[in-house]
Every structure is written in C-alpha cells, then in structure tokens.
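As structure tokens, the structure follows; a few thoughts come after it.
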Amino acid sequence: MERMGAWFDRRLQLAAPVREALEHPVPRESASWFYVFGSAALTVFMLQLVTGILLALIYEPSAGGAWNSLQVLNHRIPLGWFIRALHGWGSNFMVAIVLIHMVQVFLFGAFKFPRELTWLIGVLLLLLTLGMAFTGQVLRFDQDAYWGLGIGASISSRIPVLGPWIVQLLLGGPIIAGATLSRFFALHVFVIPGSLIAFIGIHLLLVLKLGINEWPMPGRIVRRATYMQEYHELTKKDGVPFVPGAIAKDLIFSGFVLLALAACALLFGPFGPSGQPDPTIIQTVPKPDYFFLWLYAVLSLLPPSLETPALLIGPVIALAVLFGLPFMAGEGEKSWQRRPIAVLTILLLAVGLGTFTHLAGIAPWSPVMNAWSKDPIPAEYLKERSAMERQGALVFQAMQCHNCHALGGEGGERGPALDRVALQLTYDQLVRQVIQGGGNMPAYGKNLNPAETAALVAFLETLHPANQPAARDASRASQ
Amino acid sequence: MNSAEAPSRRGLLLKAGLLFNGVAGVVLGVPIVRYLLSPLMSGKGADSESWLSLGSLDRFPAGETRLADYRNPVEYPNDGQTANIPCWVRHLEGEKFQVFAINCAHLGCPVRWFPQSGLFMCPCHGGAYYEDGSRASGPPERGLFEYAYKVENGNLLIKAGRMPTTGSPNAGLVSIGKSPCA
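Protein chains in written order, with my numbering: chain A, 554 to 1032; chain B, 29 to 210.
Here's what the structure looks like:
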C-alpha cells in the first residue's frame, strides 16, 4: 500500500504540497464555531453537484417535456422525490449559508487587507449562487417559472436602449418557449456551475495563501505595512495546524447541515412543480422562490415612477458597495465591537429583507381574486338592515369590492378594510370615492348604475360601531 | 552572434504562432458569436410577427370581453404548451374590437377579466385596468398592451408573435390612446 502511494507520488509529486496545505497554521482562536460557514457552503455545493447530476439522469430540458419529467421524478422513480427535495432544499440551504458566511466575514473584518481579492471573489460566488437559485427555479418549469421568466424579461426590458435586445437574448426568441428553457438549462448545468467551481478554487487558494482571518480583537488595527508580519508572528506563536486543529468543527457543522437538509427534504418534500407551464391557464398567482420574495415585495411597494430607476440603479449601487468595500475600508479596526455602522448596516439589511420577505408571504397588495365569490360578508353587518342596505351588500360582492377591501378580516388588503368606513367618510364622500375612484382605487362610475351606487353607499354607511355615529357633513343640517 | 540571433528568430516564431491562432480564433469566433446572437437576428423587426386568426367573429359576442388564444407564429417542435398564447378580446360593436395582451403592463403577469366590475386585475402586484385597457390603479404606468387587429372573411385577425414588455417597442402592438378603434 505504502509502496503504491510512493509510486504515485513519485510521478504526481502532490503529497508534500497537500500535506503543507492541510497543516497550514491557523490562529488558535480562529478554530472557532464562527468559522465553519465557508466549509459548510462548500459541502452543500458538493451535495448540489451530486443531486444535480442525479436529477439530470431523468430531467428532460424541453419546454414540452420538463414538467412531465418532474412528475415522473416525483411519482414514478423510486426516491426521485427525495433527490428533488434534497436539491431544492440544498439550494435554500446554500443561499442561506453563503449569506451567513458573508455576514460573518463582514462583521469579523476579514475582507480587509490583504484579503480584498478573497472578498471580491466571494461577492462573485454570491452572485453565482443567486444565479443558480434563479435558473434552478426556471428549470422547475411550472407556472411560477413561466411567469417568473416574464417578470425577469419585463425587468430587463427597462434597461435603456439595450433592453429589447437583452430580452430576446434572455428568452432565446420573441416569447418564452423551448429555447428559453434550453438556455437556462445550459446556464444552470454548465456555465454557472463551471464558473462556481473555478471561483471556489481561487477562493480556497487565496485562503491558503493568505491564511485564515485571525479572531478580531478590539484595538488591534490592520495596517498594510505591518499586517503580514503580525499575522505570521501570531500563527507562529499561537497557531494550530488546520488538520487536525481546526477542521473538527468544520466537519461536525457540515455533518449537522447535511442531516438538517436531509430532514427538511424528508419532512417537507420537494418543491412543486406547481401547474403546467401553459400560458393559457391564467388562474394562477405566480410567486418567486423564497430568496427572491423580498424583491417581489419591493416591486409591489415602490411608487410606480421610482420603479424603473430603482430597478436599474439599485443593483449597480449594491454591487459598487460590495466590490468597493475592501478598498474603502481596507485598513483599521476589524472587531465588530468597534464598528457600530457595520453592525447597524447588517441589522438594517436583516430587518429590511426580513420585513419584505414576510410581507411577500401575505402579499397585501394583491387583490384576492376569488374573495368576491368566496368570502362572506359577516352576518352582523346584515342583521336588521333595510332591503336597500342588503342590496348594497350584494353590490359589494358582485362588483368584486371584496377582492381589495376586507370586511370582518376576510377579503383583499389592497385597499383599506371597510369595517369602520362610515366613521371616516360622509355619504357624499363615499359616493364620490365609489364613482370617481382615486387614491389607487379604480373609478366605478361607468360600471354602477345610480341605483347600485345608492344601495352600495347605503350599505357602506352602516359600517360603523354601534356606539359611534357615522361621519356626517356638518354644513348639511338635514343629514 | 548566435546568441543574439536565436531569440529574435524564436520571437518571430512566437509572434507567427500567436497571429496564426488569432486568425483561427476569428474564423471560429465569428460563427460562434453569430450563433449566440441568433435570437436577435431571427426576431428582428416584424419578422417574428404575423397576422393570426383568433377564430370566427361569432365567438366574440358584442359588448363582451372573452379570452382567446393563438399559436405563436415562430415555434419550434419542443415548445410544447408554451407557444399557446392567450389574449383578451373585447368586442365593442360591429367590427370594432380591442385585443389586449394577457401580460400586465407592469411586469407581465396574466391579468384576469372581471365582467361584473368591468376591471382587469393582476394577481401579482395588484395592477388594475378598466374595460378599455386603460390603467385604473396599481403599479403599472400605462394601460394594457393592445394588438393591432383586422377582420377578414368573418375572422378576427391580430398581429402577434412577441411577448410585450414595457421597455420594448412592439411593432404589432398599438398603445392605448392611439388605438385604431378608439
């Protein structure tokens, strides 16, 4: 055995450099539970490679066949559903771990001199990971994927001058069709993973060459002139070899992540596919996958006039900040305890993205398309009402008011809930609002005859608590 | 003498080698780029758009708005259902129509028609349009995209073949306001 090893090594001559790489000294304090996310991301990436290849054995990358091949995977191939679930959950885990890794690197000042390039490659790896997540969602060629592509194309079309060309290149033709799926397949299976493997290689090489970031101590300042020497002294004085000194925690955490991932796959199963990618089935409420939900919310909440500038300039600014960071703050304090703005930035981003993601789960801006036929008007709003008021309640349902306005907590939230509307608007104001719309409400003047309007407003006038009278116009004594 | 000459000859050979490979690169690169850009070439201008029948006029009763669909004119064998494109047909009266793209003018989600309230509503970000396609509320900055249409031999024809997006000029699409039937 030993002789065989020697035979190979005489030719490959890799044993010495590999041993050197494995035993490279790591600052003792960096062999910490905070430093396990990079290796965990790599572990999940390797799982994605394996499950991805397994899925490719069955998956059919054609617009006419993709959806059916996913059904075959889910229902006919033994454990096909489990491999799909592993790949889908692996995607979510990978994005999450890459983000956590990035936050840790940022808060521990690891992007500072001399590790700027490691950070830049890391940003590229984040973009590629998100690219994998998006293209992967497209390969699950269902209704969400189809309309998600439409949204992607609509956003791209707003790029000045080049927009229409980019849309054609993105879709591979004038519409979303077979060529679209094929090119996203090529991106997801060849181009992006190839780039990921190459950049991960450089990323790891840089970690080996420059050493793992030391534990940041408040007051220990990074200076370009002295840092390298200080780091070498630190690792010499208080370093441990990466193997076996630091790798144990990486191994344990990676194992834990794999088991957690398998548990999620087992318990929650694969993602979709939702309905068939047939554009003529329009009874659909497309939503993006989890890590793009925040964007869905932002696109709904931005004022229309700000949307295009925000879509086009926002990513440029974000990338400029991410790429510029190690150059703007290449020296100085590493410890997050002395970097309040860094901590606040992370908190702000976390709260912001968390809020948008949460809102996208409820999607209060979307009309509830079937509320008018599904959600009843609470019985107490109809008790002891006149015939006209009840007729108004019928108009309320029939005209789809309920799709945007909630009553008794049911219905859409696009417009305000109307349970107390009579307290806020007088009779005349209600009539005006219904007929003319405004404040983001369509005008119903053309679609309601006077009798319907009168009945509807009579009903709305009853919507106030019993102990509080409806609003009235003080200038009109008779009301 | 030898030592001065040898590098220059080697240098010349190196330059020739690089040049040779550069030529080979161009010879191979041009068709590769041409292939990659083929979606731009094939979909240029109005090539991808043609007049398509949505069926006979009596499928669209006057005063009503109905869902219709057509098979995209440029299609490939593996397009499957994705080449079936729906659209909304509003029959005003006689031979006056409005044919709207299914795609919301905001980000392209499929809008649904509600005849009772006379509104198109979008399920994604909450856009709403009036029955004539003009913007009623929500994030869209304009009305629905509208196809050019004509009536021939009792059939309704539209000019279609490209997914409408906010940023693209659509040869076959007329914008609301300049509509021929307005």
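Think of the CB as a built atom: it goes at the ideal place given N, C-alpha and C, for glycine as much as any other residue. Keep in mind it's a predicted model, so treat the numbers as computed, not measured.
Item	Value
A:T898 in three-state terms, based on DSSP	helix
Outcome for A:W586 when other beta-carbon atoms lying within 10 angstroms are tallied against a minimum of 16	exposed
Exposure label - B:E159; buried when at least 16 CB within 10 Å	buried
Top-ranked residue by Cα proximity to A:L679, from A:R693, A:L595, A:L610	A:L595
Contacts of A:S926 in chain B (Cβ-Cβ under 8 Å)	Going along chain B, no residue has its Cβ under 8 Å from A:S926, so there is no contact; the nearest lies around 10 Å.
A:A529 and A:A638 closer than 8 Å at C-beta	No statement about residue 529 of chain A is possible, as the shown extent of chain A runs from 554 to 1032 and does not include it.
Own chain, CB closer than 7 Å to A:Y699, minus 5 neighbours either side, in chain order	I729, P830, P832
A:L1009 to A:P917 span [Cα, whole Å]	24 Å
Under 8 Å between C-beta atoms of B:L135 and A:L734	no
Bounding residues of the alpha helix (DSSP H) (the contiguous stretch that carries B:S76)	From DSSP, B:S76 is part of no alpha helix (DSSP H); its letter is neither H nor E.
Other residues of its chain near A:Q657: CB distance less than 7 Å, five sequence neighbours each side excluded	F587, F590
Identified DSSP bridge partners for B:W141	B:F148
Rounded Cβ spacing between A:A616 and B:D107 (contact assumed at less than 8 Å)	5 Å
Presumed contact (8 Å Cβ cut-off) between A:L976 and A:Q1021, rounded CB distance	6 Å
For B:A129, the three-state DSSP class (helix, strand or coil)	strand
Closer than 8 Å at the beta carbon, the chain B residues around A:A706	G136, M191, T193
Chain-order list of residues whose beta-carbon lies under 6 Å from that of A:L983 (same chain, five-residue window excluded)	V1010, L1013
Chain A contact residues for B:S76, given Cβ-Cβ distances below 8 Å	G726, P727
Amino acids of chain B, ordered along the chain, whose beta-carbon sits closer than 9 Å to that of A:G1044	Examination of residue 1044 of chain A is not possible in this model, given that chain A is present from 554 through 1032 alone.
Contact check, B:L185 vs B:V117, beta carbons under 8 Å	no
Any chain D beta carbon closer than 8 Å to B:L147	Any reference to chain D falls outside this structure, whose protein chains are A and B.
Buried or exposed (CB count within 10 angstroms, at least 16 for buried), A:Q890	exposed
Buried or exposed (CB count within 10 angstroms, at least 16 for buried), B:P143	exposed
Candidates A:G883, A:T688, A:S858, A:G726, of which the one nearest A:F664 by Cα	A:G883
A:E942 - containing alpha helix (DSSP H), residue span	940-951
Per DSSP, the bridge partner or partners of A:L960	A:E963
B:E174 at chain A interface by Cβ criterion, 8 Å	no
Cβ neighbour criterion (16 or more within 10 Å) applied to A:P1003	exposed
Selected residue, minimal CA-CA separation from A:T898, among A:G885, A:T910, A:R556, A:L878	A:L878
Between the CA atoms of A:M647 and A:F598 - distance to the nearest angstrom	7 Å
Selected residue, minimal CA-CA separation from B:C137, among A:I835, A:H628, A:R564	A:I835
Under the three-state DSSP convention, the category A:T837 falls into	coil
Sheet register partners of B:T93 (DSSP bridge)	B:R118
CA nearest to the CA of A:V874, picked from A:W620, A:A903, A:F659, A:R572	A:F659
Proximal residues of chain A, C-beta to C-beta of B:T110 below 9 Å	A616, G617, F694, Y699, I728, I729, A730, G731, T733, L734, P830, D831, P832
Spatial neighbours of A:G605 in its chain, beta-carbon cut-off 8 Å, leaving aside the 5 residues before and after	H640, V742, P746
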